[in-house]
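J.: In full-length UniProt numbering, the protein residues as written are 249 to 617. Note that the Cβ used here is the ideal one computed from N, Cα and C, for glycine as well. Since the structure is predicted, the reported quantities are computational estimates derived from the model, not experimental observations.
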Amino acid sequence: EKGGWSSFMAKEVSEEPEAVANTLRGRIRDGAVAITELDGLDDLFRGISRIVIIAAGTAAYAGMVGKYALEEWARVPVDVDLAHEFHYRNPVIGPDTLVISISQSGETMDTLMAVKYARERGAKTLSICNTQGATIPRESDAIVYTHAGPEVAVASTKAFVAQITALNLLALHIATVRGELSADQVAEQVAELEQIPAKIQHILDDEQPHIEQFAHWMADTRSVLFLGRHVGYPIALEGALKLKEISYIHAEGFAAGELKHGPIALIEPGQPVFVVVPSPRESPVLHSKVVSNIREIHARGARVIAVAEEGDAAVLPISDEVLRIPLTGAITQSLLAVVPLHIFAMGLATAKGLDVDQPRNLAKSVTVE
Ligand code: F6R
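Below, the structure is given as C-alpha cells:
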C-alpha cells in the first residue's frame, strides 16, 4: 500500500500536512479549541499544579516542544522526562500532577510502565496516542488521539507532527480552562495552526527536490551536527535522531546556547552543521542569538545549512545552504522546521541505498523494557 511511493517513509512524509489537518479536524470551533474527549475534565485541569510529560525517542522530542506551548500558553510548569528514566528514580508526583504520555503506537513498554507508576502514585494521566484502543490510552484517565493514520515506517515522521499539533491544541485548551489566554489570543494561535498543513505542503512542493539533491551530495558525510534554540532545540535533536536511525551517520543535536560550553570544539573546516533559525519577526532576540552562533561556527569553517524563514536575509552571508520554511508563530515553527530535516534524512539514506523503512536493529514498537 505504498501507493506509488518508493517507501512508506516517503509516503508518510508526504502525509505530514494531512496528519496535522486530521489532528486539528473537529477540534476547532469559532476560533476556540473544542476537544470533546476532554469534556468534563475542567476541574482536573484547574486542579493541577504541574505537568510531567513522559515518552521515548521522537515522541519525547514532541514532548519537549509541548513544554514550550504548555508553559507559554497555559502557564503550568512542565517537566519532560524520558519514560525509562522517570519511574526508576522515585520522582516527586502526586494528585496535583498531570502526567501526559505521548506514544504513536500506544504500546511502548517504557512509557506504559511509567504511566502505570504515575497512576499508582495518584497522578492524573492523559495519553496522546495515534493508535485507537492501544494499551497506554486504556491505562489513562483521558485520551487525545492524534489522527495521523497508520504509520508503517520504523522512523516516526507524520506521527511526530501530529503529536506536536495535539500538544498545541491541549495547551490552548488548558490555557482556556485556566483563564490564562483571552479568546482573541487563542483565536490567533488557532489561526496559525490552521495554516500549518498548507505551509508544510508548500515545503514539500517547493523545497523537497532541492533538499533531496542536497542530501545526495552529502552522501559521503560521516558526521552531522544540528543546532537549535527554544523549540528549535528539540527539532535539532529530532533531525539528528532521524539521521542516525536511517542513514547510520553519526549525528548529534545541541542547544545552540550550549555551543560555547563544549560542542564548538567539534567544529572544524567542512563539518556540516544544520541550524534551525528562529523567526526574525516572531522571536527577534532568539534570532539574533542564533545568527551569532552561526557566525561563530561559520568563521571556523563549518559548512552551515540554515533552516530559516523565507525572507530571512541575515543567514545568507554566513550559510552554505539555506532551506526555506514559511512564516509562522514562534511555537508552530517547530512543525515547519522539522520537515526539511525529515526530507534530508530520508534523502541521504536513499542516496546510500539503505532501506529507509526498516533500519537495522530497530523495531516499530518497542514492547520490552
Ligand atoms: C524514531 C522513533 C522512535 C519512537 C519511540 C517511541 O523515529 O520512531 O524513537 O518515537 O520508540 O515510540 P512510540 O511513539 O510508539 O511510543
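Evaluate D568 with the Cβ neighbour count: other Cβ atoms within 10 Å of its Cβ, from every protein chain shown; 16 or more gives buried, anything less gives exposed.
T.: exposed
J.: Looking only at its own chain, which residues have a Cβ that is under 6 angstroms from the Cβ of R323, when we skip the five neighbours before and after it?
T.: E428
J.: Can you tell me which of P574, I591, L584 and S262 puts its alpha carbon nearest to the alpha carbon of A396?
T.: S262
J.: Do R298 and P339 have their CB atoms nearer than 8 angstroms?
T.: no
J.: Run through DSSP, which three-state label would Y309 get?
T.: When secondary structure is reduced to three states using DSSP, Y309 falls in the helix class.
J.: When the Cα of E285 is compared with those of H421, Y336 and A403, which residue comes out closest?
T.: H421
J.: Report yes if the C-beta distance between V586 and I483 is below 8 angstroms; otherwise report no.
T.: yes
J.: What residue range is occupied by the uninterrupted alpha helix (DSSP H) comprising Y365?
T.: M357 to E368
J.: Do you know how far the Cα of A317 is from the Cα of T306?
T.: 17 angstroms
J.: Return the CA-CA distance between Q461 and L571, expressed in angstroms with no decimal places.
T.: 12 angstroms
J.: Expressed to the nearest angstrom, what Euclidean distance is found between the alpha-carbon atoms of V616 and I566?
T.: 46 angstroms
J.: Measuring alpha carbon to alpha carbon, tell me which residue in F522, A362 and P445 is nearest R477.
T.: F522
J.: Does the stretch 330 to 349 come into contact with the stretch 444 to 455, if we say contact requires no fewer than three beta-carbon pairs (one atom in each stretch) closer than 8 angstroms?
T.: no
J.: What is the DSSP secondary structure of P520, reduced to helix, strand or coil?
T.: strand
J.: So, E500 versus A513, is the Cβ gap smaller than 8 angstroms?
T.: no
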